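Asks:
Protein chains in written order, with my numbering: chain A, 42 to 125; chain B, 540 to 1149.
Written out as structure tokens, the structure is:
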């Protein structure tokens, strides 16, 4: 399961959204990754999520594998496309 | 002995020195025998669990006291502690590469910091302390050490002397035990400094290695407003300071000023507070402030993941305005970030020298979307009181015109939507760049008031980094070059007042002539140029300069060309009876008369950046 999202938060993926992505990822058993410019980042790691440095308008692919992969991807996608 | 550092949290207090030794890396083997790996893993897991329990307890306690911002700092650390890419990797290194706990943690930390620095250098500055803090906590748990503040028992007033204080340690500062904190490194914008300010503990940072020469138990007088530390102060000085503090009801004075601010003549300078939050406005009003000399709105933008909306900003500005009676001057400065106040939200490019880069108005003019939102909120708030707009870091007349053009556009948008605002809102320039001081005569023709940011004006004029302890002498506010510049700024403002120059809203002659023709010169309101000087006049060390400024500001203000000779401010009302902490939180302005609003000079805002 993979899907592309555009970052809609005007300030990009920063401290608070990074934490929200980790929260969303750890709620699911599937492991999920964010792929940006060919590099992939583990969504259950806060260190990874604060390092991703995604800005408003960046396109990020969310990839997950496992039983609840679709739900995991959508939960993370919701954070990426949230405007706040 | 007196040591000088950077003021980080205003206030005056004293106590016994307590040196907190730096946590050094223990001499410990980097790798261990494979036989010992299971035991090492147990040790590791126990230390991680102990750290997690401690952090969770701190977080619960902070939340119980309503300190949600500080609780958020701890929450981030709890997530880092559960992070497989940080702590999990460290564990792997023990398990697979037979690293010792200490080596594994340090290796995992440098990998994480390296990645963060490579991929997102902007958030590196903000987040790196959290990562280091978590790793240090586990290392301490492994050694059976407690945190700096957990080991302190008893109620004695202590002045803590340390290399640095991490965020998770700083939230534990207890004003009942800790009278002040002095730090070898650090900046006025670190987590620690912000927390010290919020709980009212005086703090001085960036003192340098000399701090380590103080012995445990020596009496130390800390002045977080001037950034000084006096070791074994003379008994007389201590007694005077004690009296000063108790005269205002202790370190956290409540209620009105002990004496009205009054010169020996009939002059009544305005004493206005410099604030960075709504709650400080309320406190300032309680202290009897005559208004707000500077509202640093950038603090509304910091430590959050999105920009505050127009409505949110409007509510904040209106709350500040509403804390005071209707005609009270409230000077609100537009967002002033950059330099020593990075804003990760903006994702600015990292610069070699941020003080000479994107800062203040330079950012606002590039991000006019943000500027417009802020101006809309400010103008809407101007319907509720005497709001004055102030633009920071203006270097050229052109920048000023660009800024005021945006104000006018926003004003016409609001007018079209029938949203109320003050059409005659005053607009001022913060003069903190030498080029603006040199062009002060031109700026004075267009601006309604000047506000002198002496901190930056000193550092740019003297080419001396204001955060560098070794530049102390160059940063002396009595440097003749600086005095000349300030004199020029004040003279430029008052020269125009003397001539009775009409205020110009448009910066152009034609519109002014047209306006005069329409209304007749008598109808066109004459304005006094106002000068507000930040940070200087109230400091006892430069009291004479403060008087000089007040006198300079008094000249020729009345439009008649008569040179009013101002009697010196009665010192008692300035510094004798007031605790420095209180003085340091205010700007002082002089006014023609209370009814006509302020007409000049001010002093000493709160510690930290202006």
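Even for Gly, the Cβ is constructed at its ideal location relative to N, Cα and C. Remember, predicted model here, so these are calculated numbers, not experimental data.
Could you list which residues in chain A have their beta carbon closer than 9 Å to that of residue 671(B), in chain order?
Replies: Within chain A, no residue comes near residue 671(B); the closest Cβ sits about 12 Å away, beyond 9 Å.
Asks: In chain order, which continuous runs of the alpha helix (DSSP H) of length 4 or greater are located wholly inside the stretch 559-618 of chain B?
Replies: Here the runs fully enclosed are 576-603.
Asks: If you draw a straight line from the alpha carbon of residue 1007(B) to that of residue 745(B), how long is it in whole angstroms?
Replies: Approximately 8 Å, taken between the alpha carbons.
Asks: Can you give me the Cβ contacts of residue 903(B) inside the same chain, cut-off strictly under 7 Å, excluding the 5 residues immediately before and after it?
Replies: Answer for residue 903(B): 873, 874, 909, 910, listed in chain order.
Asks: So with CB distances below 8 Å, who are the chain B contacts of residue 55(A)?
Replies: Within chain B, the residues near residue 55(A) are 662, 844, 883, 884.
Asks: At a CB-CB cut-off below 7 Å, which residues of chain B make contact with residue 76(A)?
Replies: By Cβ distance, chain B contributes nothing, its closest Cβ being about 13 Å from residue 76(A), past 7 Å.
Asks: Could you compute how far the alpha carbon of residue 583(B) sits from the alpha carbon of residue 754(B)?
Replies: One C-alpha to the other measures close to 36 Å.
Asks: Closest to residue 71(A) by CA distance: which of 85(A), 60(A), 94(A) is it?
Replies: Nearest option by C-alpha distance: 85(A).
Asks: Tell me whether the beta-carbon of residue 894(B) lies closer than 8 Å to the beta-carbon of residue 921(B).
Replies: Contact: no.
Asks: Taking a Cβ distance cut-off of 7 Å, strictly less, list which residues of the stretch 610-633 of chain B are near chain A, in chain order.
Replies: Those residues of the stretch 610-633 of chain B that come within reach of chain A (Cβ to Cβ, closer than 7 Å) are 615, 618, 619, 622, 623, 624, 625.
Asks: Taking Cβ-Cβ distances below 7 Å as the criterion, which residues of the stretch 704-722 of chain B are in contact with chain A?
Replies: Those residues of the stretch 704-722 of chain B that come within reach of chain A (Cβ to Cβ, closer than 7 Å) do not exist; the list is empty.
Asks: In terms of residues, what are the limits of the beta strand (DSSP E) holding residue 74(A)?
Replies: Start and end: 72-77.
Asks: Quick check: is the beta carbon of residue 937(B) nearer than 8 Å to any beta carbon in chain A?
Replies: With 8 Å as the cut-off, residue 937(B) does not count as an interface residue toward chain A.
Asks: Can you list, in chain order, the residues of its chain whose CB lies under 8 Å from that of residue 889(B), leaving out five sequence neighbours each side?
Replies: Result list for residue 889(B): 660, 661, in chain order.
Asks: Pick out whichever of 863(B), 984(B), 834(B) has its Cα sitting closest to the Cα of residue 852(B).
Replies: Residue 852(B) has its Cα closest to that of 834(B), out of 863(B), 984(B), 834(B).
Asks: Can you confirm whether residue 88(A), when its beta carbon is compared against all beta carbons of chain B, has any partner nearer than 8 Å?
Replies: So yes, residue 88(A) belongs to the interface.
Asks: Distance check for residue 884(B) and residue 727(B), CA to CA, integer angstroms please.
Replies: Rounded to whole angstroms, residue 727(B) to residue 884(B) spans 20 Å at the Cα level.
Asks: Under 8 Å Cβ-Cβ, which residues of chain B neighbour residue 117(A)?
Replies: Under the 8 Å cutoff, chain B gives no residues; its nearest Cβ is about 15 Å from residue 117(A).
Asks: Roughly how many whole angstroms lie between the Cα atoms of residue 640(B) and residue 968(B)?
Replies: Their Cα atoms are separated by approximately 56 Å.
Asks: So for residue 701(B), helix, strand or coil by DSSP?
Replies: In this structure, residue 701(B) counts as strand in the three-state DSSP scheme.
Asks: Below 8 Å on C-beta distance, what does residue 70(A) contact in chain B?
Replies: Result: empty, since nearest Cβ-Cβ is about 14 Å, beyond 8 Å.
Asks: Chain B beta carbons: is any one of them nearer than 8 Å to that of residue 44(A)?
Replies: It does not; no Cβ of chain B falls within 8 Å.
Asks: Does the beta carbon of residue 651(B) come closer than 8 Å to any beta carbon on chain A?
Replies: Output row for residue 651(B): interface = yes.
Asks: Just the Cα atoms here: how many angstroms apart are residue 74(A) and residue 672(B)?
Replies: Cα to Cα, the separation comes out at about 26 Å.
Asks: Following the continuous alpha helix (DSSP H) through residue 653(B), name the residue where it begins and the one where it ends.
Replies: That run of the alpha helix (DSSP H) goes 640-658.
Asks: Are the stretch 675-686 of chain B and the stretch 695-703 of chain B touching, with three or more C-beta to C-beta distances below 8 Å?
Replies: With a cut-off of 8 Å, the stretch 695-703 of chain B and the stretch 675-686 of chain B do not count as touching, because too few Cβ pairs lie within range.
Asks: In or out: residue 836(B) buried (at least 16 other Cβ within 10 Å) or exposed?
Replies: Per the 10 Å Cβ criterion, buried.
Asks: Interface residues of chain A around residue 655(B) at Cβ under 8 Å?
Replies: Going along chain A in sequence order, the residues near residue 655(B) (Cβ under 8 Å) are 88, 91, 92.
Asks: Between the stretch 646-657 of chain B and the stretch 618-630 of chain B, can you find at least three pairs of beta-carbon atoms closer than 8 Å?
Replies: The stretch 618-630 of chain B, when compared against the stretch 646-657 of chain B, does touch it at the 8 Å Cβ threshold.
Asks: At the level of alpha carbons, what is the spacing between residue 701(B) and residue 738(B)?
Replies: Between residue 701(B) and residue 738(B), the C-alpha separation is close to 19 Å.
Asks: Which residue or residues does DSSP assign as beta-bridge partners of residue 81(A)?
Replies: Residue 81(A) pairs with 76(A).
Asks: If you draw a straight line from the C-alpha of residue 824(B) to the C-alpha of residue 812(B), how long is it?
Replies: Each residue's Cα considered, the two are about 9 Å apart.
Asks: In its own chain, which residues sit with a C-beta less than 8 Å from the C-beta of residue 906(B), not counting the 5 before and 5 after it?
Replies: These residues qualify, in order along the chain: 885.
Asks: Counting only beta-carbon separations shorter than 8 Å, does residue 850(B) have a partner in chain A?
Replies: Answer no: the Cβ-Cβ gap between residue 850(B) and chain A never drops below 8 Å.
Asks: Thinking just about the alpha-carbon of each residue, which of 706(B), 1005(B), 976(B), 997(B) is nearest to the one in residue 1031(B)?
Replies: Looking at the Cα atoms, 976(B) is the closest of the given residues.
Asks: Does residue 60(A) have its Cβ less than 8 Å from a Cβ in chain B?
Replies: It does; some Cβ of chain B falls within 8 Å.
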